[in-house]
Each structure stands twice: as C-alpha cells, then as structure tokens.
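The sequence shown begins at 1 in UniProt numbering and counts up by one.
Structure, as structure tokens:
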Amino acid sequence: MSMIGEYFRVTAPELERAIQDPDWALDFIEETEDAQEESEPPPAEARHFSTYKTWALLGFLLRRTDFPVDVIHGEEGFAETEDWGYGPPRYLPAERVRRGAEALAGTTYDELLVGLDPEELNRADVYPLGWDTPDSLEWGREYHSGLVQFFGAAARDGDAILVWLD
1 MSMIGEYFRV
11 TAPELERAIQ
21 DPDWALDFIE
31 ETEDAQEESE
41 PPPAEARHFS
51 TYKTWALLGF
61 LLRRTDFPVD
71 VIHGEEGFAE
81 TEDWGYGPPR
91 YLPAERVRRG
101 AEALAGTTYD
111 ELLVGLDPEE
121 LNRADVYPLG
131 WDTPDSLEWG
141 REYHSGLVQF
151 FGAAARDGDA
161 ILVWLD
C-alpha cells in the first residue's frame, strides 16, 4: 500500500461546506477526480493534484529551508474524526495558499537540493526510502514543479486547498 499526497482546490463556499460536511467534500472530490482523470489537465488548470509518493521528500526538503507554510500536510484541521486514507484531511485557507504559492515560486528544486546528502533522507526514514544516490532525488523534480503550478493557480483564483494522505 502506498501513501500518496493529495491536494484539492476549493472556493470559499466549497471550503465552508467541506468543513461543515466532510462526507460531501469527499464525494465532491471523488466526482471531480473521476471527471478530471479523463481530461488530464496540467497542474495549473487542475482542481486535484497529487505529489504521489514524493510528499515526504518534498516535505523534508522544504523543512530544511524553514519554509513558511506547511504545503505538504496543510495547517488547519477539519473532519478530525474522518479518515481519508491515512488520517483526517487538513486545509490551507486562501491567504496561506497565497503565501505558500509565493514561497514555492521563489524556491527552485535545485535550491532545495543544495548541500543535501541523499543519505540524510535514509537516516531520517523519509518515505518511501531508497535515497541512495543523487539521481534518486530527481524523482521529486516533476512533482515540485507541479506543486508550484498548482499552488500558483489556486492563489491566483483565491482558492483554499484541502490536503490529505491517501
């Protein structure tokens, strides 16, 4: 079983409804994901985005920079009794999405890798393990780029983002 980082953009009214009715939110996300799966929009046009298994790698790299927003796990809890895969979902309100998008846009993947020994990831038990060579770090580059685009589009539109591990 894999742990996958999941993101979903919501408008202010949708966020309010999701907080009040997490079952509605999960159904809405699943319906939207199904529709989006057919069209495969780029991250800047998508409502749903996944960092796949790179969420832990990206989180480790961002924490090394004292990143100002927890774009990997979200910052606000809701649906605390719900389990959307590996625990309850969280969210970032629109203002934190904007701040996260600005910081992501100003941080290249190469900057995140500066001074990193891949063995640090293994010592820290960063999921999914197997960080044996500098080449293994290239796996996260595409997902970092997608995350930058996804957050940028959400910030542009004033959206909040729901975050969870599935």
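Note that CB positions come from ideal geometry on N, CA and C, so glycine has one too.
None of these values were measured; they are calculated from a predicted model.
Round the Cβ separation of residue i and residue j to the nearest angstrom and send it over; I've been treating them as touching at under 8 Å.
i: Ile19; j: Tyr52; result: Going by Cβ atoms, the distance from Ile19 to Tyr52 rounds to 27 Å, so no, they are not a contact pair.
i: Asp166; j: Trp84; result: 6 Å
i: Val126; j: Ala56; result: 5 Å
i: Val148; j: Arg90; result: Actually they are not in contact, since the Cβ atoms of Val148 and Arg90 sit about 20 Å apart, beyond 8 Å.
Starting from residue i and walking both ways along the beta strand (DSSP E), at which residues does that stretch end?
i: Leu165; result: Ala160 to Leu165
i: Ser50; result: His48 to Tyr52
i: Leu62; result: Segment Trp55 to Arg64 is the alpha helix (DSSP H) holding Leu62; no beta strand (DSSP E) there.
i: Leu92; result: Arg90 to Leu92
For the candidate residues the options, whose alpha-carbon lies nearest to that of residue i?
i: Tyr109; options: Arg141, Gly59 and Asp34; result: Arg141
i: Glu95; options: Tyr127, Ala155 and Pro118; result: Ala155
i: Gly158; options: Thr11, Tyr7, Glu6 and Ser2; result: Thr11
i: Phe49; options: Thr133, Leu61, Val71 and Trp24; result: Val71
i: Leu116; options: Trp131, Tyr86 and Glu30; result: Trp131
i: Asp21; options: Val114, Leu129, Glu82 and Glu75; result: Glu82
Taking Cβ to Cβ, would you say residue i is nearer than 9 Å to residue j?
i: His144; j: Leu112; result: yes
i: Arg9; j: Phe150; result: yes
i: Pro88; j: Gly77; result: yes
i: Ala160; j: Ala79; result: no
i: Leu104; j: Gly152; result: yes
i: Glu14; j: Phe28; result: yes
i: Thr54; j: Thr107; result: no
i: Pro43; j: Gly146; result: yes
Taking the alpha helix (DSSP H) that residue i belongs to, which residues open and close that run?
i: Val10; result: Segment Gly5 to Val10 is the beta strand (DSSP E) holding Val10; no alpha helix (DSSP H) there.
i: Tyr109; result: Tyr109 to Leu113
i: Tyr143; result: Arg141 to Asp157
i: Leu26; result: Pro22 to Ser39
i: Leu116; result: It is not in any alpha helix (DSSP H) - Leu116 carries neither H nor E in the DSSP assignment.
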